[in-house]
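What follows is a single structure, written as structure tokens, with notes after it.
Number of protein chains: 2
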Amino acid sequence: MSSQPASSKGAATRELIIDRAYAIASRQGLEGLSIGDLAQAVGMSKSGVFAHFGSREDLQLAVLDEGGRRFGEFVLIPALRKPRGLVRLRAIIDGWFDWVRENQHGCLVMSAISEYDSRPGPLHDAVVARVQRWRSDTTRATQMAIDSGELRADTDPQQLSFEIFGIALALHHDTRLFDPKLARTQAERAIERLFAAHFP
Amino acid sequence: MSSQPASSKGAATRELIIDRAYAIASRQGLEGLSIGDLAQAVGMSKSGVFAHFGSREDLQLAVLDEGGRRFGEFVLIPALRKPRGLVRLRAIIDGWFDWVRENQHGCLVMSAISEYDSRPGPLHDAVVARVQRWRSDTTRATQMAIDSGELRADTDPQQLSFEIFGIALALHHDTRLFDPKLARTQAERAIERLFAAHFP
DNA sequence: CTGAAAATAGTACGATCGTTCGTGTTTTTC
DNA sequence: GAAAAACACGAACGATCGTACTATTTTCAG
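Going down the list, the protein sequences come from chains Y and F. So that you can map any letter, position 174 of the first sequence is 174 in full-length UniProt numbering, and since no number is skipped, the others follow by simple counting. So that you can map any letter, position 54 of the second sequence is 54 in full-length UniProt numbering, and since no number is skipped, the others follow by simple counting.
Following this line, the structure appears as structure tokens:
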């Protein structure tokens, strides 16, 4: 798959750079991503790497974008292939939980949220836009589960997705700081209790 | 108040340094705290500030400690003056929620969690120990509410405090990225629903 | 195959980082 | 008030940061 001619050499190495940058930033955060380290990781000169992006900030934006893209491909895309309603909503949640497990070393977007939540600038805006989109995707899936009658009609989809978000955050948190398996169990139990309270 | 002789000049300026450092690190994170900026903030020379701590890491540890201390003083201490049981547990949660509101610019401990959750070292260990203590405090308060019969006897206190933690994380998250007031309302509703599911 | 264009390397810059060291000043102790 | 101890300063260090500028190499179209 995706063995396109890659248009040009430059575009190909740019992809390589972003790939390595994603790996680094997932562990060190976008602020901990330096062009020197990155150049060494791809086996290029600093200036060679730098030339692909007008500035460090543009590089960070590109890497953040890649992070959001990978998350979407791992979680949202598969879920969208499921039928609307509770099945899809559960697919989103399960995919999200799996994502947390697969990325125990660190999730780029999550780190970015903490890094830029109260630091104005293009990166802050990009992070907010990303998270907002993701939240509204979840809310939309919740709304569909209400429309299909699988969740009670008086369910507030925004409230529900807020709480789902909280459980995912707690899972993310405990996975890193404490015991991943226990955290997963607790998160799943929390989700079940949450749904149970909203069944018709 | 607190016009103690401050033991010595050195201890007094050390307190001043940590106070300014706390303010900076709350916004920029402990990794974003530089000795140069800090020196300028306290009106001292870099080396003068540095001399109070053997290393930057020791400074960071001291600031983290101060952060935990302030959180404890704001949230836990007042709650411990309430009677055991649901009242105290609610005091913990309310205090926590208030803390998030009062620290919209940024919470040092929360930032530290993200910064060191997957970076080994003394700071990681200190963060984990702090959060672990806080979690067990919450769990203990939950257990007391079970013992008093205000929550169902089959309630799992660890599970419950996991979910409370998640709601607080979501509140923290949405307060920074989205609308603080809406987030607070959603968090409170989530707590009520959570308790309602565990009432006898 | 050739010439233009794109991609990469090399070098150097000013700034800032944490840290060390020697010296001077202030505080504490007797 | 003098001696001792604590404290603060200023300069300098090696390292690394992002970035600019100029060559050199590589790619691609005709």
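Cβ atoms here follow ideal geometry from the backbone N, Cα and C, with glycine treated the same way.
Among residues of its own chain, excluding the 5 on either side of residue i, which ones have a beta-carbon nearer than 7 Å to its beta-carbon?
{"i": "Y/Val131", "result": "Ile113"}
{"i": "F/Phe50", "result": "Ile35"}
{"i": "Y/Asp37", "result": "Ile24"}
{"i": "Y/Gly68", "result": "Val109, Arg130"}
{"i": "F/Lys46", "result": "Ile35, Gly36, Ala39"}
{"i": "F/Ala41", "result": "Arg20, Ile24"}
{"i": "F/Ala126", "result": "Leu61, Leu64"}
{"i": "F/Ala11", "result": "none"}
{"i": "F/Pro180", "result": "Arg101, Gln104"}
{"i": "F/His124", "result": "Tyr116"}
{"i": "F/Arg135", "result": "Ser161, Phe165"}
{"i": "Y/Ser3", "result": "Bear in mind that the predicted position of Y/Ser3 carries a pLDDT of just 35, short of 50, making it unreliable; the figure below should be weighed with that in mind. The answer is none, since no qualifying residue turns up."}
Are the beta-carbon atoms belonging to residue i and residue j less than 9 Å from one another?
{"i": "Y/Leu61", "j": "Y/His52", "result": "no"}
{"i": "F/Phe71", "j": "Y/Asp174", "result": "no"}
{"i": "F/Leu151", "j": "F/Phe199", "result": "yes"}
{"i": "Y/Ala197", "j": "F/Ala197", "result": "yes"}
{"i": "Y/Gly106", "j": "Y/Arg176", "result": "yes"}
{"i": "Y/Glu66", "j": "Y/Tyr22", "result": "yes"}
{"i": "Y/Arg119", "j": "F/Arg27", "result": "yes"}
{"i": "F/Arg184", "j": "F/Arg101", "result": "yes"}
{"i": "F/Ile92", "j": "F/Thr138", "result": "yes"}
{"i": "Y/Phe97", "j": "Y/Leu30", "result": "no"}
{"i": "Y/Gln186", "j": "F/Gln158", "result": "yes"}
Report back the beta-carbon spacing between residue i and residue j to the nearest angstrom; my notes put them in contact at under 8 Å.
{"i": "F/Met144", "j": "F/Gly85", "result": "6 Å"}
{"i": "F/Thr142", "j": "F/Leu160", "result": "5 Å"}
{"i": "Y/Leu16", "j": "Y/Val63", "result": "Not confirmed; about 13 Å, so no contact."}
{"i": "F/Ala79", "j": "F/Gly95", "result": "6 Å"}
With DSSP run on the structure shown, which of helix, strand or coil describes residue i?
{"i": "F/Phe74", "result": "helix"}
{"i": "Y/Arg90", "result": "helix"}
{"i": "F/Lys9", "result": "helix"}
{"i": "F/Met1", "result": "The predicted position of F/Met1 is uncertain, since its pLDDT is 33 and thus under 50; no value can be drawn from it."}
{"i": "Y/Lys181", "result": "helix"}
{"i": "Y/Gln186", "result": "helix"}
{"i": "F/Ala62", "result": "helix"}
{"i": "Y/Ser55", "result": "coil"}
{"i": "residue 228 of chain Y", "result": "Because chain Y in this structure spans residues 1 to 200, residue 228 of chain Y falls outside the shown range and cannot be described."}
{"i": "Y/Glu192", "result": "helix"}
{"i": "F/His105", "result": "coil"}
{"i": "F/Gly43", "result": "coil"}
{"i": "F/Asp150", "result": "Per the sequence shown, residue 150 of chain F should be read as Glu rather than Asp. It is coil, neither helix nor strand."}
{"i": "Y/Ser34", "result": "coil"}
{"i": "Y/Arg14", "result": "helix"}
{"i": "Y/Arg84", "result": "coil"}
For residue i, which residues in the same chain have their Cβ closer than 8 Å to its Cβ, ignoring the five residues on either side in sequence?
{"i": "Y/Leu194", "result": "Leu160, Glu163, Ile164, Ile167"}
{"i": "Y/Leu182", "result": "Asp174"}
{"i": "F/Ser111", "result": "Ala25, Ser26, Gly29, Leu30"}
{"i": "F/Gly149", "result": "Pro200"}
Quick one: give me the first and last residue of the alpha helix (DSSP H) that residue i is part of.
{"i": "F/Asp156", "result": "No alpha helix (DSSP H) contains F/Asp156, which DSSP labels as neither H nor E."}
{"i": "Y/Lys46", "result": "46-50"}
{"i": "Y/Glu115", "result": "108-116"}
{"i": "Y/Ser136", "result": "122-147"}
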